[in-house]
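Colleague: Let me give you the structure first, and then I'll get to my questions.
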Amino acid sequence: MRHEEALARLSALLDDELTEDEGSRLRAHLEGCVECREELERMRATVALLREAEPPRAPEGFAAEVRGRLDRLRSAPGLLERIGGLLRAPRWSWRTAAAAAAVALVVVFAANIVLQAPLFSVARRVEIPFPRIEGDRAEVDRGEGSGIGLKVRFLRPEATQTAVGKPGARDDARGDAAALPPLGDAASLRRVIKTGEVEIEVEVFDSAARSLLEIAERTGGFVASSSYSDPGDGPRGTLVLRVPASAFGEVLRQIEKLGKVQRRQVEGQDVTEQFVDLEARKRNLERHETRLLSLVERATKIADLMELEGEVARIRGEIERLTGRLRYLSDQVDLSTIRVEVTQKPKEQSGGFWDLDQALERVKAAFLKTVRQMITALEAVVALGAALLPLVLAGAAAWLLLRRIVGRRERAG
Amino acid sequence: MGHDERELIGRSRRGDLDAFEALVVAGQDRIYGLCLRITGNSEDAADAAQEAFVRAFQSLARFEGRAAFSTWLYRIAANAATDLVRRRAADPPLDLAEDCPASTDTESEFDRRELWRRVHSALARLPLEFRVAVVLRDMQGLAYEEIASILQVPKGTVRSRLSRGRLALRELIGEIAG
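Structure below.
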């Protein structure tokens with residue numbers, strides 16, 4: 000064993016902390032090394048001196064001071080404890096948390112019920128602006144010379160004031176005021192079948208139906224058909240009015256005064272050309288018939304007579320057919336058809352909470368709404384959770400790191 | 000670890016300050032002594048020892064009971080004391096008079112005091128690592144295994160630190176004497 004090695008093992012020899020091998024080799028070295036023997040003795044003396052030291056006593060009141068510091072700490076927790084306290088759920092029991100959640104749900108539910116009440120309900124029905132018929136503001140487009148067809152231009156009410164009677168108004172096709180042709184001299188030659196469809200909602204169905212009858216009769220028309228039903232949510236019915244074409248606009252106006260217009264549709268079908276065509280064909284056939292009849296007068300042979308009579312009969316039939324068609328068309332032109340669908344306005348929902356049906360309905364709606372809100376909230380929580388996940392992971396890592404650092408300092412402190 | 004100590008530890012862990020105070024009273028002299036010999040003066044020693052007990056209470060939850068409670072406490076105290084010494088910019092005043100064993104022989108009283116003054120100066124000049132090892136072994140009387148556990152180093156390291164510490168200390172005492 001070299002001298003330095005031996006010197007480094009003297010301390011362990013004193014404590015008997017050498018292995019057997021080390022011990023014997025060290026003792027062998029010591030046999031021949033005076034320096035090491037002297038060093039061993041000096042070290043033994045030093046250690047003995049240190050061991051003699053009086054065991055010190057902690058100062059008076061040491062434990063009380065420690066206690067005081069801990070008491071103060073407890074009333075003002077350290078930073079780490081405070082953060083930890085924040086991160087840990089508030090010191091509520093699960094029961095408290097569940098109760099709080101239940102209260103929150105009840106509040107939401109109650110709010111939903113209250114918001115369903117008529118007092119707060121916002122009118123959901125949107126007023127769809129329907130074109131109103133203003134006969135004196137109508138314009139008739141004569142089809143640019145190419146076709147049958149009547150184009151009814153709809154003018155904006157506000158635009159109408161200036162547009163009426165001006166040529167430019169023709170091009171203003173935007174607008175919602177219905178127009179009907181003012182059939183002037185030129186226009187009166189035209190034959191137009193006018194039909195209208197109106198849906199109105201009235202307060203009382205029966206009186207509305209009576210009013211419709213009166214309107215039709217006052218203008219010289221009649222109710223062509225009527226139907227009535229009551230599927231449960233109030234009576235509804237359809238009346239078909241036939242009124243003179245000249246009164247078409249006026250009648251529509253009166254009908255629309257009866258209630259709230261839900262829908263309206265006005266159509267004009269120009270049948271002038273059909274009229275002209277039918278009349279021309281009829282005139283031709285009549286001339287043909289006259290000529291045939293004159294031939295019949297002069298006929299000598301029975302066979303000729305028979306043939307001519309047959310032809311006359313055929314032509315007569317054709318004339319009758321055309322006449323019928325013309326009569327139908329002029330009837331359609333003379334009498335406009337207005338189809339009116341009448342519904343009775345549903346009873347105002349004002350039964351109050353003690354209207355059991357309605358109350359139940361409201362409770363059901365509120366319940367479903369609450370459930371939907373819960374699902375929406377859950378969705379939001381899931382989405383938020385997913386969005387916050389990286390942040391939470393980073394936060395958790397930071398928290399662990401902080402704990403380790405502080406913990407290590409505490410252990411190392 | 001006695002049954003009483005285990006019970007006191009359990010209660011302290013649940014926040015019972017009375018129980019912890021009993022643990023403080025039981026360990027205060029050893030812990031204060033260690034701190035005194037590492038720091039070299041009673042004021043720093045009291046500070047370090049207090050700090051050690053406060054930290055121990057705060058981290059009781061992390062005390063796993065694998066080591067003895069006293070070993071764990073020694074570890075915290077050794078750390079607190081060395082921290083304090085490292086923070087000290089200037090050399091602290093030495094104040095270890097109480098280490099000097101009482102003597103009945105009045106003639107040698109002066110010599111003994113002079114000897115202990117030299118021992119304390121030497122200890123204060125000993126590198127901290129060696130000082131802690133020597134104090135734990137020769138003044139607190141702990142075994143190599145326990146010191147290794149307190150310092151969280153292998154037993155071989157304890158052995159070499161002790162060896163170098165004792166050699167250096169012997170030399171320092173000699174120097175001061177000369």
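Residue numbers (numbering that gives the first Met the number 0), protein chains in the order written: chain A, 0 to 412; chain B, 0 to 177. The beta-carbon is built from N, C-alpha and C at its ideal position, and this holds for glycine as well.
Give the list of continuous beta strand (DSSP E) stretches no shorter than 3 residues that lie fully inside the segment 226-283 of chain A.
Modeller: As far as the segment 226-283 of chain A is concerned, its whole beta strand (DSSP E) runs of at least 3 residues are 235-243 and 259-269.
Colleague: Of all the CB atoms in chain B, is at least one closer than 7 Å to the CB of Ala11 of chain A?
Modeller: As a first step, residue 11 of chain A must be located in the first sequence, where it is residue number 12. Yes - at least one Cβ of chain B is within 7 Å of the one on Ala11 of chain A.
Colleague: Please list, in chain order, the chain A residues whose beta carbon lies closer than 7 Å to that of Arg116 of chain B.
Modeller: Indexing the second sequence from 1 puts residue 116 of chain B at position 117. Residues of chain A passing the Cβ test: none, with the nearest at roughly 13 Å.
Colleague: So Gly32 of chain B contacts chain A; which residues on that side make the cut at Cβ distance below 7 Å?
Modeller: Here residue 32 of chain B corresponds to residue number 33 of the second sequence, with the count starting at 1. By Cβ distance, chain A contributes Pro54 and Pro55.
Colleague: Use the C-beta contact count for Asp175 of chain A: other C-beta atoms within 10 angstroms, 16 or more gives buried, fewer gives exposed.
Modeller: By one-based count along the first sequence, residue 175 of chain A stands at place 176. Confidence in Asp175 of chain A is poor, its pLDDT being 40 and thus under 50, which makes the residue's placement unreliable; the coordinate value appears in the next sentence. Classification for Asp175 of chain A: exposed.
Colleague: Exposed or buried, Ala55 of chain A, counting other C-beta atoms within 10 Å across all chains shown (16 or more means buried)?
Modeller: Counted from its first residue, the first sequence places residue 55 of chain A at position 56. The sequence shown places Pro at residue 55 of chain A, not Ala. Pro55 of chain A is buried by the Cβ-count criterion.
Colleague: Val133 of chain B and Leu168 of chain B look like a contact to me (Cβ under 8 Å); what is the Cβ gap, rounded to whole Å?
Modeller: For this step, residue 133 of chain B is matched to residue 134 along the second sequence. For this step, residue 168 of chain B is matched to residue 169 along the second sequence. Sure, about 6 Å apart at Cβ, within 8 Å.
Colleague: Taking Asp137 of chain B as the reference, give the member of A:Pro58, A:Thr369, A:Arg71 and A:Glu53 with the closest Cα.
Modeller: Mapped onto the second sequence, residue 137 of chain B falls at position 138. Considering only alpha carbons, the answer is A:Glu53.
Colleague: So, is the C-beta of Ala62 of chain A closer than 7 Å to a C-beta in chain B?
Modeller: Locating residue 62 of chain A in the first sequence gives position 63, counting from the first residue. Judged by the 7 Å Cβ criterion, Ala62 of chain A is in contact with chain B.
Colleague: Could you pull the start and end residues of the alpha helix (DSSP H) that Arg8 of chain A belongs to?
Modeller: Within the first sequence, numbered from 1, the residue matching residue 8 of chain A stands at position 9. Its alpha helix (DSSP H) spans residues His2 to Asp14.
Colleague: Using 7 Å as the limit for Cβ to Cβ distance, is Glu20 of chain B near chain A?
Modeller: Here residue 20 of chain B refers to the residue found at position 21 when the second sequence is read from its first residue. Yes - at least one Cβ of chain A is within 7 Å of the one on Glu20 of chain B.
Colleague: Is it buried or exposed for His2 of chain A, if we count other Cβ within 10 angstroms and need 16 for buried?
Modeller: For this step, residue 2 of chain A is matched to residue 3 along the first sequence. It is exposed - the Cβ of His2 of chain A has fewer than 16 other Cβ atoms within 10 Å.
Colleague: Should Val24 of chain B be flagged as near chain A, meaning a C-beta pair shorter than 7 Å?
Modeller: In the second sequence, residue 24 of chain B corresponds to position 25, counting from 1. So yes, Val24 of chain B belongs to the interface.
Colleague: Once DSSP output is grouped into helix, strand and coil, what is the label at Gly174 of chain A?
Modeller: Taking the first sequence and counting its residues from 1, the one referred to as residue 174 of chain A is at position 175. Low confidence applies to Gly174 of chain A: its pLDDT is 40, below 50, so where it sits in the model is not reliable, and the reading given next is rough at best. Coil at Gly174 of chain A, not helix or strand.
Colleague: Val134 of chain B lies in the alpha helix (DSSP H); which residues open and close that run?
Modeller: Taking the first residue of the second sequence as position 1, residue 134 of chain B is located at position 135. Premise fails: Val134 of chain B is in no alpha helix (DSSP H) and is neither H nor E.
Colleague: What residue does the alpha helix (DSSP H) around Ser23 of chain A start on, and which one ends it?
Modeller: Against the first sequence, residue 23 of chain A aligns to sequence position 24. Per DSSP, Ser23 of chain A belongs to the alpha helix (DSSP H) from Glu19 to Gly31.
Colleague: Assuming Phe19 of chain B and Phe62 of chain B make a contact with CB atoms under 8 Å, what is their CB distance in whole Å?
Modeller: On the second sequence, residue 19 of chain B is found 20 positions in, with the first residue counted as 1. On the second sequence, residue 62 of chain B is found 63 positions in, with the first residue counted as 1. Their Cβ separation, rounded to whole angstroms, is 12 Å, which puts Phe19 of chain B and Phe62 of chain B out of contact at 8 Å.
Colleague: If you drop the 5 nearest sequence neighbours on each side, which residues of the same chain put their C-beta closer than 6 Å to that of Val370 of chain A?
Modeller: Taking the first residue of the first sequence as position 1, residue 370 of chain A is located at position 371. So no residue of the chain qualifies.
Colleague: Mind checking if Ala45 of chain B is an interface residue toward chain A, Cβ cutoff 7 Å exclusive?
Modeller: Translated into positions along the second sequence, residue 45 of chain B becomes position 46. Yes, Ala45 of chain B counts as interfacial toward chain A.
Colleague: Using only the alpha-carbon positions, how far apart do Arg86 of chain B and Ala142 of chain B sit?
Modeller: In the second sequence, the residue the question calls residue 86 of chain B occupies position 87. In the second sequence, the residue the question calls residue 142 of chain B occupies position 143. Each residue's Cα considered, the two are about 29 Å apart.
Colleague: Determine which residues of the segment 35-49 of chain A have a Cβ less than 7 Å from any Cβ of chain B, and write them out in chain order.
Modeller: If the cut-off is 7 Å between Cβ atoms, the segment 35-49 of chain A has Arg41, Met42, Thr45, Val46, Leu48 and Leu49 near chain B.
Colleague: Closer than 7 Å, CB to CB, is Pro58 of chain A near chain B or not?
Modeller: Numbered from 1 along the first sequence, position 59 holds the residue referred to as residue 58 of chain A. Yes, because at least one Cβ of chain B sits closer than 7 Å to the Cβ of Pro58 of chain A.
Colleague: So if DSSP puts Lys193 of chain A in a beta bridge, which residue, or which two residues, is it bridged to?
Modeller: Position 194 of the first sequence, counted from the first residue, corresponds to residue 193 of chain A. Its beta-bridge partners are A:Gly267.
Colleague: Which residue or residues does DSSP assign as beta-bridge partners of Leu334 of chain A?
Modeller: In the first sequence, the residue the question calls residue 334 of chain A occupies position 335. Paired residue(s): A:Pro243.
Colleague: Between Leu171 of chain B and chain A, is the shortest Cβ-Cβ distance under 7 Å, so that the two count as touching?
Modeller: Here residue 171 of chain B is taken as the residue at index 172 of the second sequence, counted from 1. Taking Cβ atoms only, chain A never reaches closer than 7 Å to Leu171 of chain B, which makes this a no.
Colleague: How many angstroms separate the CA atom of Gly155 of chain B from the CA atom of Asp110 of chain B?
Modeller: Here residue 155 of chain B is taken as the residue at index 156 of the second sequence, counted from 1. Here residue 110 of chain B is taken as the residue at index 111 of the second sequence, counted from 1. The alpha-carbon atoms of Gly155 of chain B and Asp110 of chain B are separated by roughly 37 Å.
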